[in-house]
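If you want this note's numbering, it's the 1-based position in the sequence shown plus 9. We put the beta carbon where it would ideally sit given N, CA and C, even for glycine. A short write-up of the structure that comes next.
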Amino acid sequence: MTHPTLKSGDKLVLASHNAGKLAEFSALMAEFGITVLSAGDLNLPEPEETATTFAGNAAIKALAAAKATNLPALADDSGLCVSALGGVPGVYSARWAGPNKDFNAAMARIEEGIGQDEREAWFVCALCLAYPDGRTLTFEGRIDGQIVWPPRGTNGHGYDPIFEPENETRSFAEMTDTQKNAISHRARAFAAFRKACLD
10 MTHPTLKSGD KLVLASHNAG KLAEFSALMA EFGITVLSAG DLNLPEPEET ATTFAGNAAI
70 KALAAAKATN LPALADDSGL CVSALGGVPG VYSARWAGPN KDFNAAMARI EEGIGQDERE
130 AWFVCALCLA YPDGRTLTFE GRIDGQIVWP PRGTNGHGYD PIFEPENETR SFAEMTDTQK
190 NAISHRARAF AAFRKACLD
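Dropping the structure here:
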């Protein structure tokens, strides 16, 4: 089955109110000549994320934006899964930080909940491309690693200071954006999306 591809000159809505994500995706799309508009700039409401999977929440966001703007929309849902916590915080990663987005408290909560022996964790990113007619395509990326404590580094965002990817000695927050983006869960999901929809 051939997927409808995005072409140079096309407009794409990024179903996110996160300025950091907009900058990241705008840079990724620029080389393909695609203009990225954000849900925030278009004053679109943020839909309730009621799904229990990353793919489900990405689809809710992408479909809402595609239908509201009559343009193709891309949404990403991502989070940190900790083995010793049964995969939590997972889809609730942002909510664990509370209304004030206090990720220091959320990171401490993870550390308190796991033992010294079981440090295994992974980041997942689901990217969903939705069209106004309701068609969706989903791409997932995952990177495995471990929880480190205390938090290390000042780059990145969210749980990056306590996540050390496998075969690495640095946390995500100790890497430059370029280094992290070369290996991250989002980069892996984007690579699959690019192969199917852009190349």
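Asked                                                                                                                 : Found
Rounded straight-line distance, which links the Cα of V22 to that of A28                                              : 13 Å
Beta-bridge partners of P174, as assigned by DSSP                                                                     : G154
Exposure of A200, with buried meaning 16 or more beta-carbon neighbours within 10 Å                                   : exposed
Buried/exposed call for P81, threshold 16 Cβ in 10 Å                                                                  : buried
Cα-Cα separation between E55 and V133, rounded to whole angstroms                                                     : 21 Å
Neighbourhood of R118 by C-beta distance below 7 Å, restricted to the same chain and skipping five residues each side : W105
Cβ contact check for the stretch 107-124 and the stretch 40-59: 3 or more pairs under 8 Å                             : no
First through last residue of the alpha helix (DSSP H) which encompasses D85                                          : Looking at the DSSP string, D85 is not in any alpha helix (DSSP H); the run it does join, the beta strand (DSSP E), is A82 to V91.
Beta-bridge pairing of T145 - partner residues as DSSP gives them                                                     : A139
Three or more C-beta pairs below 8 Å linking the stretch 70-80 and the stretch 135-147                                : yes
Under 8 Å between C-beta atoms of L46 and K20                                                                         : yes
Extent of the continuous beta strand (DSSP E) run through S102                                                        : Where S102 is concerned, there is no enclosing beta strand (DSSP E), although the alpha helix (DSSP H) it sits in stretches over S102 to W105.
CA-to-CA distance, K204 to L15, given in whole angstroms                                                              : 11 Å
Proximal residues to H194 (C-beta, below 7 Å), its chain only, five neighbours per side dropped                       : S87, F132, V133, C134, G150, R151 and I152
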